[in-house]
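Going by the UniProt record's numbering, the sequence shown opens with residue 1, and the numbers climb by one from there. Each residue gets a CB set at the ideal place from its N, CA and C atoms; glycine is no exception.
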Amino acid sequence: MFGFVINKLKNRKWLNLCLLMGVALFIALFVCHPMFEKGAGNQILDRLFTDHATQQNEFPAQMSREGTYAVADYPDSQSVLDKLSGYEKKWTEYVDINKVSSQQLITLSGGRADTEFGGLNHYFTIGYLPGLSEYVDVVKSQTDTATFECSISEKTMDHYGLVAGEKIYLHVPDGSGKKEISFVISQICSEKDINNPYWAKTLSDMGDVIFVSQDVFDEMMQYYSEDNISYSDFLMLDYRQINTENASLYDGYMEQFKDADKLYNDNIRDTLERFFTQQKTIKLMLWALELPCLVLLILFIRMISAQILSLEENDILVLRSRGATKLQVFILYLQQSGIIAFAGCVLGIVLGYIMCRAAASTDGFLRFTAKDIGTYRFVWQMLVYAVAAAVIMVLFITVPVWKKSKDAISEHSRGRISKKKPLWEKCFIDVILLALSAYLLYNYNKQKSTLAISVLENRSIDPVMILDNSIFIFAAALLCVRLTGLIILLVDRLFKKRFSPAMYASFLQLKRTRYNQGFLAVFLIMTVAGGIFDANMARTMNSNMEQRIAYNVGCDAIYNEDFRLRIQKNKDGSVSWMYDEPDFGKYESLKNEGICDGVTRVLEDERVDISAGSGSVSDAYLMAINTKEFGETAKLQSDQNDDINDAHWFNYLNELAKEPDGVIISSNLAKALGLKVGDSLNYSRYVPEAVDDDQIYASENVKVCAIVKGFPGYERYTYETDAEGNVTEQEKYLIVANYATVVEKFGMTPYSVWMNLSKGKTVDDIYKNLTSAQQLIDENKNSATVQITNGMFTLSFILSLIVCSVGFLLYWVMTLKQRELQFGIYRAMGMRMREVKAMLLNEQIFLSFLPLLAGAGIGIAATAMFVRLISIIYLPQKHNIGVNVYIYQSDMLELAGVLFVAVAVCYVVISRLLKSMKIAQALRLGEDS
1 MFGFVINKLK
11 NRKWLNLCLL
21 MGVALFIALF
31 VCHPMFEKGA
41 GNQILDRLFT
51 DHATQQNEFP
61 AQMSREGTYA
71 VADYPDSQSV
81 LDKLSGYEKK
91 WTEYVDINKV
101 SSQQLITLSG
111 GRADTEFGGL
121 NHYFTIGYLP
131 GLSEYVDVVK
141 SQTDTATFEC
151 SISEKTMDHY
161 GLVAGEKIYL
171 HVPDGSGKKE
181 ISFVISQICS
191 EKDINNPYWA
201 KTLSDMGDVI
211 FVSQDVFDEM
221 MQYYSEDNIS
231 YSDFLMLDYR
241 QINTENASLY
251 DGYMEQFKDA
261 DKLYNDNIRD
271 TLERFFTQQK
281 TIKLMLWALE
291 LPCLVLLILF
301 IRMISAQILS
311 LEENDILVLR
321 SRGATKLQVF
331 ILYLQQSGII
341 AFAGCVLGIV
351 LGYIMCRAAA
361 STDGFLRFTA
371 KDIGTYRFVW
381 QMLVYAVAAA
391 VIMVLFITVP
401 VWKKSKDAIS
411 EHSRGRISKK
421 KPLWEKCFID
431 VILLALSAYL
441 LYNYNKQKST
451 LAISVLENRS
461 IDPVMILDNS
471 IFIFAAALLC
481 VRLTGLIILL
491 VDRLFKKRFS
501 PAMYASFLQL
511 KRTRYNQGFL
521 AVFLIMTVAG
531 GIFDANMART
541 MNSNMEQRIA
551 YNVGCDAIYN
561 EDFRLRIQKN
571 KDGSVSWMYD
581 EPDFGKYESL
591 KNEGICDGVT
601 RVLEDERVDI
611 SAGSGSVSDA
621 YLMAINTKEF
631 GETAKLQSDQ
641 NDDINDAHWF
651 NYLNELAKEP
661 DGVIISSNLA
671 KALGLKVGDS
681 LNYSRYVPEA
691 VDDDQIYASE
701 NVKVCAIVKG
711 FPGYERYTYE
721 TDAEGNVTEQ
731 EKYLIVANYA
741 TVVEKFGMTP
751 YSVWMNLSKG
761 KTVDDIYKNL
771 TSAQQLIDEN
781 KNSATVQITN
791 GMFTLSFILS
801 LIVCSVGFLL
811 YWVMTLKQRE
821 LQFGIYRAMG
831 MRMREVKAML
841 LNEQIFLSFL
851 PLLAGAGIGI
861 AATAMFVRLI
871 SIIYLPQKHN
881 IGVNVYIYQS
891 DMLELAGVLF
901 VAVAVCYVVI
911 SRLLKSMKIA
921 QALRLGEDS
């Protein structure tokens, strides 16, 4: 029987090869899922750890323990360090990750101290930090063998005005009273590399600690009558070894550590919790994005398998008439589909791996790059998915055979053309689905703000929101098929008496087969509409993200200079401070070198209080600028439809330039305080947070000279997350003042350097640690969510083109083959070849051209209705620039070009087949049948 099955496959090799292509693509798309899910998950993990390090300014994978031990149990420093090392060993037995570094600090409470050069009643802690000398640079040093030597940090030096060689007289309790111990400051040190993982706690974080050697520390323990010794232990682990496979396991272990030891802590679990939430979102997004493409491939496979089954009806009849049971026929076709599914499984795994890697390499729609995609690797789950998809395909192809094999002889006598109205048309499924889609769209649009907040809170998205557009496209396709049938009947009724014989025969064929041919129309409409929607959705997402980033940055590149803050504690107890400004001349030279067209200082402060009349606002955003330089450097990204402001933003700069004590304010600030141009307001600034958290040091009364809705670098809306993870939306108020006036009134404070790069220049031509719009855009393109979306939309678009072209051509060629006898009879009756072609062209207009046009219209309608809604997933924040829908002419031309070629090739093939057709052979075929 196996040989018989192979011969059957060979007899219709081209059809079976097309079926194999569809099955292989279906399995490949199925296989992509676990590889994409794992790869994107690993990418998210890496991004979360990296973001945590950047935002929290700490190593992102720390396990720690802080507390005290009784001196009676641990009489020396080494016993404490051994105990801490024991904890580290226990942790890493379960969380099997390589150790990057470890920081162990033990301290004694110290006491009050005087310093040699007049400092009185200071408080110091005595500490021992193993490995200190390895990770610090000595700024100043001086030795003194007569007293105990100690090291201090630069912060302690600045805070107390200490110098190298100065003595500290520490008053410590010794059980019988107080005893004075002298320390000499032998070293003033700073971190060699503050970004080194060792610095879980920096020298500044450790407070007023005087660091001593282990021997001195042990000796100090003998002087103290303290019962306890304090410690902190930080273990830094290689977070790159945490992946989707072990994240859940390690999270469970760390939860157990915390339950068993209340002093245990880590910063890994919070990151993993965010990862688990985002992982759920990724899974839902993948299925929601894959499902329309899977349905399209199922339609393609159904169309081809139905054509094969139709051609093999006679074979089934022969087998049944010769005594074969339904089960035997079913098993025969089960073997046939099994062979195709097995071959498709092998091809699908390879193709799925290639497709996933290709999709992961995108950084935009239809833009493939050679970037690193090392996180996307072969995973064993791909084999399971491949087998599952193969089983689905076997059943999908074989089950219709069971129905075909029932009462085969009587079925054949009734004829092959079904005139029965399909169930969906009887039950108005198209109208019901269209109403359902509209209802869902209406509800989701009402909940836009809630949905946006849920995305910002990293809660799982509703996949139905993504699938709603597919429901709309499918329902609209069914409705178009219904309407096309009605149009055919209407045209036939109106012009029936005027038709030529060829046209009469054409409409007769259309009426007889309109229920059977509706499948092709649905397939074409969904392919074209889906391709258009995918292209427009991807373009809209990418373009809006790029626009917002460019607006938020406000220029080509920004460099945040390092300002050294000097704090001096005065004798009267007050604190004075000042910033040392770096050399700005090195940036101005960039203009002379042709690297930048514009460079300017921009002083920014987000802790500004503003009052006017009886109203006030806090935490406003101050920008101090040089109007001429700022105009040459900054860029204001405008809205697609119109400018954000009522006039060009240069006009507002000109108004500010005329008023040294003038300010530009945002429209929301003007509304909040009831201000208009010409009014006055007062704004106040706070001392640096390192000096005091809540102390205003200067205020200024100014005049409002312009009111704007948007300004370079100004984001109107901000979002804050509380301890429970709830996100709240807040408005930011803007005030823009003249740089010279602000420095004169408030003194020098840190500023950033904004740059407008010359044509052809990049940030690599300046410094490596710049913030540039292009870098942020590139980082955004490489985020897992955007990458998945671009990759899946690109794959869907390409598959749509392939499947539509092959399916369209194959369907019409096979239809022509099936009607060979009919055309032979027409030719024998005297119908000219030109009339036969005209008949076919008329059928193509109603069965192909109208669905293609309808698909284009439905795709554009879906774009207009759903793109802004789905954009919430990628652009949840409110912004000065609204979400604009982008339709790229090049995408539409590519789709139209491929379809035009497919139609043209189809018509050429049909013409050649008609020319090669022999009337006598066709008539003989009819006699044989």
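Discussion item. Can you check which of these residues, N738, Y621, L603, is closest to Y652 by C-alpha distance?
Written reply: N738
- Message: In this structure, how does DSSP classify G531 when only helix, strand and coil are distinguished?
- Response: helix
Three CB pairs or more closer than 8 Å across the region 535-545 and the region 858-870: Look at the beta carbons and you see the region 535-545 touching the region 858-870: at least three pairs across the two are nearer than 8 Å.
Exercise for the section: Please classify Q241: is it buried, with 16 or more other beta-carbons within 10 angstroms of its beta-carbon, or exposed? Expected result: exposed
**Message:** Quick check on the DSSP output: the alpha helix (DSSP H) that includes Y223 runs from which residue to which?
**Reply:** 214-223
task = State the start and end residues of the unbroken beta strand (DSSP E) segment that holds V708.
result = 696-708
Open item on the list: Tell me the DSSP secondary structure of G415 in three-state form.
Closed with: Caution applies to G415, whose pLDDT of 47 falls short of 50 and renders its modelled position unreliable; the model cannot decide the point.
Between L272, V212, Y264, F217, which lies nearest to Y239 when the distance is taken from Cα to Cα?
Minimum Cα distance to Y239 is reached at L272.
Query raised in the report: So which of H33, M236, I268 has the shortest CA-CA distance to D251?
Result: Considering only alpha carbons, the answer is I268.
Between the Cα of I27 and those of V491, P130, S321, V350, spot the shortest distance and give me the residue it belongs to. V350
task = Rank D266, D215, L636, G374 by C-alpha distance to the C-alpha of P75 and give the top, closest one.
result = D215
Identity of the residue in M285, G22, Y231, I487 nearest G67 by Cα:
With respect to the C-alpha of G67, the residue from M285, G22, Y231, I487 having the closest C-alpha is Y231.
- prompt: Looking at V691 and V608, is the spacing between their C-beta atoms short of 7 Å?
  reply: no
Report task. Measure from the C-beta of I825 to each C-beta in chain B and report whether the shortest distance is under 7 Å. Result -> Looking at the structure shown, chain B is missing, and only one protein chain is on hand.
Between which two residues does the alpha helix (DSSP H) harbouring C150 extend? Counting along the chain, C150 falls outside any alpha helix (DSSP H), though it belongs to the beta strand (DSSP E) covering 148-153.
Mapping the DSSP letters down to three states, classify Y112 as helix, strand or coil. One point to set straight first is that residue 112 is Arg, not Tyr, in the sequence displayed. R112: strand per DSSP, three-state reduction.
Fill in: Secondary structure of G86, DSSP reduced to three states
helix
- Message: With distance defined between alpha-carbon atoms, name the residue in G110, E843, I788 nearest to W812.
- Response: E843
Where does residue 944 fall in DSSP's three states?
Outside the shown range of the chain, which is 1 to 929, sits residue 944, and nothing can be said about it.
* Straight-line Cα distance separating S361 from K155 -> 47 Å
Notebook entry, point to check: Which runs of the beta strand (DSSP E) fall wholly inside the region 157-217 and span at least 3 residues, in chain order?
Noted result: For the region 157-217, whole beta strand (DSSP E) runs of length 3 or above, ordered along the chain, are 167-173, 178-191, 209-211.
- prompt: Cα-Cα, which of P582, V704, R716 is closest to I644?
  reply: For I644, the nearest C-alpha among the options comes from R716.
Own chain partners of S611 with C-beta closer than 6 Å, once the 5 adjacent residues on each side are dropped: N682
Can you have a look at Y123 and say buried or exposed, based on whether 16 or more other CB atoms are within 10 angstroms of its CB? exposed
**Asked** Fully enclosed by the UniProt domain "ABC3 transporter permease C-terminal" (294-404), which beta strand (DSSP E) runs are 3 residues long or longer?
**Response** Assignment of beta strand (DSSP E) within the UniProt domain "ABC3 transporter permease C-terminal" (294-404), counting only whole runs of 3 or more residues, yields 362-364 in chain order.
Discussion item. Please state the DSSP three-state secondary structure of R560.
Written reply: The amino acid occupying residue 560 in the given sequence is Asn; Arg does not appear at that position. The answer is strand: DSSP assigns N560 an E or B state.
Practice prompt. Can you tell me which of V617, F650, A620, S618 puts its alpha carbon nearest to the alpha carbon of T633?
Written response: F650
query: At what residues does the beta strand (DSSP E) containing G67 begin and finish?
result: 62-70
Q | Extent of the continuous beta strand (DSSP E) to which V598 belongs | A | It is worth fixing the name first, because residue 598 is Gly in this sequence and not Val. Segment 596-612, the beta strand (DSSP E) holding G598.
- Query: Going by DSSP, what residues sit across from M623 in a beta bridge?
  - Reply: E604, V736
### Message
Among V31, A856, N701, whose alpha-carbon lies nearest the alpha-carbon of W287?
### Response
V31
Helix, strand or coil at Y439 [DSSP, three-state]:
In this structure, Y439 counts as helix in the three-state DSSP scheme.
Residue closest to V708, alpha-carbon to alpha-carbon, out of N668, E700, A740, I525: N668
*Taking 7 Å as the cut-off, decide whether the C-beta atoms of K140 and A164 are in contact.*
yes
Point to revise | Inter-residue spacing [alpha-carbon to alpha-carbon] between D468 and F808 | key: 26 Å
Please check the pair I735 and L622, which I expect to be a contact at CB under 8 Å, by giving their CB distance rounded to whole angstroms. 5 Å
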